[in-house]
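A.B. asks: Please read through the structure below; I'll follow up with questions.
Numbering (the numbering used here), first residue to last: 1 to 252.
Structure follows, in structure tokens:
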């Protein structure tokens, strides 16, 4: 398995780093991101260094505009930096081709967002299956339909929605939709779950239930989780809190 993984990485990127450079599962070095508003350049991240160890649960906090979500999107290859480097398993990933980033993200990262992003015309089970359909293509998915369906049902059972397999998003509460989104993020068996304000659109009780699911995944399955939140009480449930102020890490 390890040899196959190394071969796959060598086809995705030409640049490898020595193990002495970055030893964490996921990390960044001197990460910079800027946006332009008309003729004005706005710095969002200013030289961020971050290391996330395998099996760790890390929360990222900061005021609105501090760069929390931007950092998470960069780590998940949804965006690209203007400077600095990002590493996964000791391999630089910010310089991958668009295809390489897509392959990496689909195989190793699960994403959860504040507003769920479920397709309204699909059932809960079908929404969970969607990444498998996209990743495998029509023929690949058709050959393993029963396997994928069984996996989706197991994940929905895991997050407490085994009785809601056929329900569409409009028939689900906000907390239930977020549970579907978590199951969808897990369907490919990711190494890292990246969660952007996963409780931000939920009431306190429902948010607590979502955090219980995330903690269980981390503790029982050793799933590495990086979570952005504005809620300090939520953030304190992680192993470690990283604070961003105006695009810079001030505590980690």
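No residue lacks a Cβ here, since even glycine has one placed at the ideal position from N, Cα and C.
#1: Going by DSSP, name the residue or residues bridged to residue 60.
#2: Note down the Cα distance separating residue 102 from residue 236, rounded to an integer number of angstroms.
#3: Determine the burial state of residue 76: buried for a count of at least 16 other Cβ atoms within 10 Å of its Cβ, exposed for fewer.
#4: Less than 8 Å between the beta carbons of residue 48 and residue 35, yes or no?
#5: What is the DSSP secondary structure of residue 84, reduced to helix, strand or coil?
#6: If residue 164 sits next to residue 156, beta carbons under 8 Å apart, how far is it from one beta carbon to the other, in whole angstroms?
#7: Less than 7 Å between C-beta atoms, sequence neighbours within five positions excluded: which residues of the same chain meet that for residue 174?
#8: First and last residue of the alpha helix (DSSP H) that includes residue 213?
#9: Do the CB positions of residue 61 and residue 208 come within less than 8 Å of each other?
#10: State the DSSP-derived secondary structure class of residue 50, mapped to helix, strand or coil.
#11: Can you tell me whether residue 232 is buried or exposed, with buried defined as 16 or more other CB within 10 angstroms of its CB?
#12: Inspect the beta-carbon positions of residue 28 and residue 227 and report whether they are closer than 8 Å.
#13: Beta carbon of residue 192, beta carbon of residue 25: below 8 Å?
#14: My parser needs the beta strand (DSSP E) runs of 3 or more residues fully inside the region 79 to 161; what are they?
#15: Can you tell me whether residue 169 is helix, strand or coil according to DSSP?
#16: Work out the CA separation of residue 89 and residue 2 for me, nearest whole Å.
#17: In the DSSP output, what is residue 34 paired with across the bridge?
#18: Which residue's Cα is closest to the Cα of residue 78: 64, 246, 95 and 167?
#19: Where does residue 115 land, buried or exposed, given buried means 16+ other C-beta within 10 angstroms?
C.D. replies: Based on what the coordinates show:
#1: Looking at the DSSP assignment, residue 60 forms a beta bridge with 228 and 242.
#2: Taking the straight line joining both Cα atoms gives about 32 Å.
#3: Residue burial is scored here from C-beta neighbours: residue 76 has at least 16 other C-beta atoms within 10 angstroms and is therefore classed as buried.
#4: Going by C-beta atoms, residue 48 is not nearer than 8 Å to residue 35.
#5: In the structure shown, residue 84 sits in a strand (DSSP, three-state: E or B).
#6: In this structure, residue 164 and residue 156 form a Cβ contact; the two beta carbons are roughly 7 Å apart against a cut-off of 8 Å.
#7: Same-chain partners within the cutoff: 201, 202 and 206.
#8: 204 to 221 is the span of the alpha helix (DSSP H), which, as asked, contains residue 213.
#9: At least 8 Å separates the beta-carbon of residue 61 from that of residue 208.
#10: Strand.
#11: By the neighbour-count rule (16 or more Cβ atoms within 10 Å), residue 232 is not buried but exposed.
#12: It is not a contact, given that the beta carbons lie outside the stated cut-off.
#13: Less than 8 Å divides the Cβ of residue 192 from the Cβ of residue 25.
#14: Those beta strand (DSSP E) runs which fall completely within the region 79 to 161 and span 3+ residues are 83 to 88 and 109 to 112.
#15: Residue state for residue 169 is assigned as helix, using DSSP reduced to three classes.
#16: With a pLDDT of 46 at residue 2, under the threshold of 50, the modelled position of this residue cannot be trusted, and the question is left open.
#17: Beta-bridge partners of residue 34 (DSSP): 43.
#18: Among 64, 246, 95 and 167, the Cα nearest to that of residue 78 belongs to 95.
#19: With fewer than 16 neighbouring CB atoms inside 10 Å of its own CB, residue 115 falls in the exposed class.
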